[in-house]
Amino acid sequence: MGDERAILSRFHQILTFFTAKIETLSLIVTNIGEYFKGLFSFTLDDDLRDISDSDEDFMEKSRKFLDRYSVKELTEIINQTILPEKVKKLGIDDWYVEFNLQDPVTHYLYVRTHQCKEDEKFIAFMAASLNQRDGKYDLFHVRWFALQNPLGEFTNARPRLPGQKYPGTGFGRDCVRLTYYLARKAGRDGILNSPEHFHNAYMYDFCYFVDPQQEGWFRKLKKDLRKDIKKKGLALVSWAIYLGCLREKGNPVKWEMKEQAMPISLRYYAVFFLPRYNYIMEKAKYESGPFTIDWELAEKQCLDKILFNNPN
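With the numbering used here, letter number 37 in the sequence shown gets 1184, and the count goes up by one each step, no holes.
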């Protein structure tokens, strides 16, 4: 009798645990749905929604971004979002979409303006891999993503971040929503990217590092640098890390590019709630740090000047 009660008690504990996990997943998916819902001003036309369903020959696909979207189709999708309105506030009302599809492995997408003839003066740039498989999951692999205002100048309100030649646009989250939409409509399980700098990973919501050890390390890093970010600002902290001023237990430590995922499907979300993933993540979080920034060394790097001038 006692053994039966013990078994029933254990079963109840396990059932309660998984019920809580399912409720958490459901809440996350619901919140993300609400988060991304506001991007589009109205429902996309069926013709746009089912672009890839029609039979296309090889030559037709070769002219499409990721073998799916033509310049016209992607332009129409963007026009149904709030992005054109935000681009116009930058003083740009002649934006256009351009592809470079010559690479057999990676496709390149640009959003440009006729006001700037130089190649580097784009508004948006994305490099995406044609090979979307990662084991049993079908992922939208963004190898490189950048937004900039080629007509803007750096200011106190919008200082230079590592890797920037021109100021940011201020609508990064809207572009993430658009990328999420495109990936979801294509039936992807998630979006994969590799943040080059600390601020990139810091600003990516609803993302997890594929490596649970890296996720734990990053969570502890964010926690330890919270006061520095509040006092100094994200730009200054990111520059300090980029210039080698980050310390873990007093020792120099560098930022490393690691794959970060934004899950879309429920089955891919579940990967980041598995007991093994969470155990490794929590263990790494506990063992990592403490993290500090050597601000004396940072000042010697003339960070204040770097924020508003070209560091190269």
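Virtual Cβ for every residue (Gly too), placed ideally from N, Cα, C. Bear in mind that the values here come from a model prediction, so they are computed numbers and not experimental data.
Shown here, Glu1443 sits in a helix according to DSSP, grouped into three states.
Residue environment: Asn1226 is assigned as exposed (fewer than 16 neighbouring CB atoms within 10 Å of its CB, all protein chains considered).
Distance from the CA atom of Lys1370 to the CA atom of Ile1376, rounded to whole angstroms, is 10 angstroms. Separation of Met1404 and Phe1272 (C-alpha to C-alpha, rounded to the nearest whole angstrom) is 19 angstroms.
At a Cβ-Cβ threshold of 8 angstroms, Phe1287 and Ala1333 count as neighbours. Cβ-Cβ distances below 6 angstroms link Lys1283 to nothing in the same chain once the five nearest sequence neighbours on each side are left out. A Cβ-Cβ contact shorter than 8 angstroms links Met1409 with Gly1337. In the same chain as Ala1348, and ignoring 5 residues on each side of it, the C-beta atoms closer than 7 angstroms to its own belong to Pro1342, Phe1365 and Gln1407, in chain order.
The Cβ-Cβ distance between Leu1237 and Leu1298 falls below 8 angstroms. Remark: three or more beta-carbon pairs, one from each stretch, lie closer than 8 angstroms, so the region 1386 to 1399 and the region 1423 to 1439 are flagged as touching. As summarised for the region 1313 to 1395, the continuous alpha helix (DSSP H) elements at least 4 residues long and confined to that stretch are 1319 to 1332, 1345 to 1350, 1359 to 1371, 1373 to 1379 and 1381 to 1389, given in chain order.
Taking C-alpha positions only, Met1428 is separated from Val1400 by approximately 19 angstroms. Apart from the 5 residues on each side of it in sequence, Phe1212 sits with its Cβ closer than 6 angstroms to the Cβ of Phe1246, His1254 and Leu1256 in its chain, given in chain order. Judged by DSSP in its simplified three-state form, Glu1300 adopts coil rather than helix or strand.
In terms of CA proximity to Arg1210, Leu1248 leads the group Glu1220, Tyr1424, Tyr1243 and Leu1248. CA-CA distance, Leu1221 to Tyr1243, rounds to 10 angstroms. With a threshold of 16 other beta carbon atoms within 10 Å, Arg1280 falls short and is exposed.
CA-to-CA, the gap between Glu1223 and Gln1311 works out to about 29 angstroms.
Of the other Cβ atoms in all chains shown, fewer than 16 fall within 10 Å of the Cβ of His1261; this residue is therefore exposed. Per DSSP, Pro1422 is not a residue of any beta strand (DSSP E); the alpha helix (DSSP H) it occupies stretches across Pro1422 to Glu1434.
Taking a contact as a CB-CB distance under 8 angstroms, the pair Val1418 and Tyr1424 counts as one, their CB atoms being some 7 angstroms apart. Annotated as distal: Gly1363 and Ala1274, with beta-carbon spacing of 8 angstroms or more. Per DSSP, the unbroken alpha helix (DSSP H) holding Val1418 starts and ends at Leu1413 to Val1418.
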